[in-house]
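What follows is a set of notes on a single structure, which appears directly below.
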Amino acid sequence: MTAAPTTALATGQPAGNILLGVAGALTAVALWGGWIVLTRLSVTTSFTPEDIVFLRYLLGAAVLLPLFWRRRAQLAWRNWRQYSFMILGAGAPYMLAAGASMQHAPAAHVGVLMPGTMPLFVAFYGLLLFGERLGLWRYLGLGLIVLGDIAVGGFGIFHILENDLGHAWVGYLLMLLSAALWAGFTQAQKRSGLDPWMATAVVAVGSCLLFSPYYLATSGLAVFRLPWAEIALHGVYQAIVSGILALAAYGIAIQHLGAQRAATFSSLVPALGALLAIPVLGEYPDIVACFGIATVTLGLMLATGAIGPRRSPR
């Protein structure tokens with residue numbers, strides 16, 4: 001059995017919907033590449049991970065609250081589990097883990113171990129919880145993604161131990177946790193019954209309500225003591241570009257491509273993040289990161305059916 005290609009014939013979707021899903025996935029990938037670099041810059045300079053989470057969801061909720069209220073009829077109590085996993089997987093808990101992980105590793109490693117690993121968790125959840133099956137070539141593609149992740153992660157741990165960097169290895173574990181959380185969001189949104197914009201609003205408003213009291217109790221208004229130019233740059237990108245536009249674009253991809261195929265596009269993020277990190281952070285990917293990026297990208301192409309045998313129509 002081979003994996004079906006991402007065509008209208010294979011997915012049962014009209015060709016226009018497939019193109020819309022691919023466009024949504026590529027838009028999200030482009031915006032996430034910038035998000036990795038900017039978030040790493042944030043948490044290694046002026047901001048704490050908690051500052052970033054507070055700004056992201058406070059501003060995001062303010063923008064999306066009118067839409068949330070107008071479309072509240074979409075919400076159904078029977079789907080509260082899906083909504084909870086969406087907030088957990090793409091909301092404040094995810095951002096805390098992701099932000100903390102970026103304090104310990106270069107952007108190229110973050111790209112491989114976070115978005116690069118996420119498709120594996122989506123496939124695992126689909127197989128374990130919903131009985132979703134994969135073809136031989138998709139398993140091979142996911143296996144290559146694992147190989148790239150092991151190379152980068154193993155090298156990172158070796159570097160940490162060799163240079164006596166203490167608990168920096170926790171950052172690599174947090175990247176895997178972040179990938180697992182985002183994969184849970186992917187599967188939950190697919191089954192939530194919400195359109196992509198309402199799903200984005202649920203994540204933003206829910207995270208704001210849950211996290212803001214904690215932040216205000218522990219940090220007060222500390223983030224607003226930073227230069228306003230920095231607050232504007234990081235806040236707008238986190239809340240509007242990454243928290244709303246990228247998340248909604250990814251939701252469109254899930255809607256038209258399905259959870260597994262939408263997730264595999266995230267494997268394009270490592271290469272983009274590594275390239276952007278060169279001019280912004282002055283971080284050049286090492287040979288292991290380059291190997292991981294190449295291997296993960298090839299795995300993506302196999303997992304999505306972009307290359308490999310195609311099933312002939314019946």
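Here the sequence shown is numbered in full-length UniProt numbering, starting from 1 and rising by one per residue.
From the three backbone atoms N, C-alpha and C, an ideal C-beta is built for every residue, glycine too.
Small disclaimer: the values here were computed from a predicted structure and weren't measured.
The DSSP assignment places no complete run of the alpha helix (DSSP H) inside the segment 200-225 (cut-off: 4 residues).
Approximately 6 Å separates the beta-carbon atoms of ILE145 and PRO119; this is inside 8 Å, confirming the contact. Listed in chain order, the non-local C-beta contacts of LEU147 below 6 Å within the same chain comprise THR295, local neighbours out to five positions each way being set aside. Within 10 angstroms of the beta-carbon of TRP35 lie 16 or more other beta-carbons, which makes it buried.
Here PHE121 is near ALA183, since their CB atoms are less than 8 Å apart. Taking 8 Å as the cut-off, the Cβ atoms of ARG56 and ALA239 count as close.
The criterion of a C-beta distance shorter than 8 Å is satisfied by GLY89 and PHE185.
In this structure, DSSP gives GLU50 a helical state, which the three-state scheme calls helix. Apart from the 5 residues on each side of it in sequence, GLY111 sits with its Cβ closer than 8 Å to the Cβ of GLY33, ILE36, VAL269, PRO270, ALA271, LEU272, GLY273, ALA274 and ILE293 in its chain, given in chain order. Under the three-state reduction of DSSP, SER192 is assigned to coil, being neither helix nor strand. Cβ contact annotation for HIS234 (same chain, cutoff 6 Å, sequence separation greater than five): SER42, in chain order.
PHE130 and THR45 have their alpha carbons spaced roughly 42 Å apart.
Around the beta carbon of ILE287, a 10 Å sphere encloses fewer than 16 other beta carbons of the protein chains shown; the residue is thus reported as exposed.
LEU75 sits in coil when the DSSP states are folded into three classes, being neither helix nor strand. Counting of Cβ neighbours within 10 angstroms places ALA76 among the exposed residues, the total staying below 16. The Cβ neighbour count for TYR284, taken over all protein chains shown within 10 Å, is under 16; the residue is labelled exposed.
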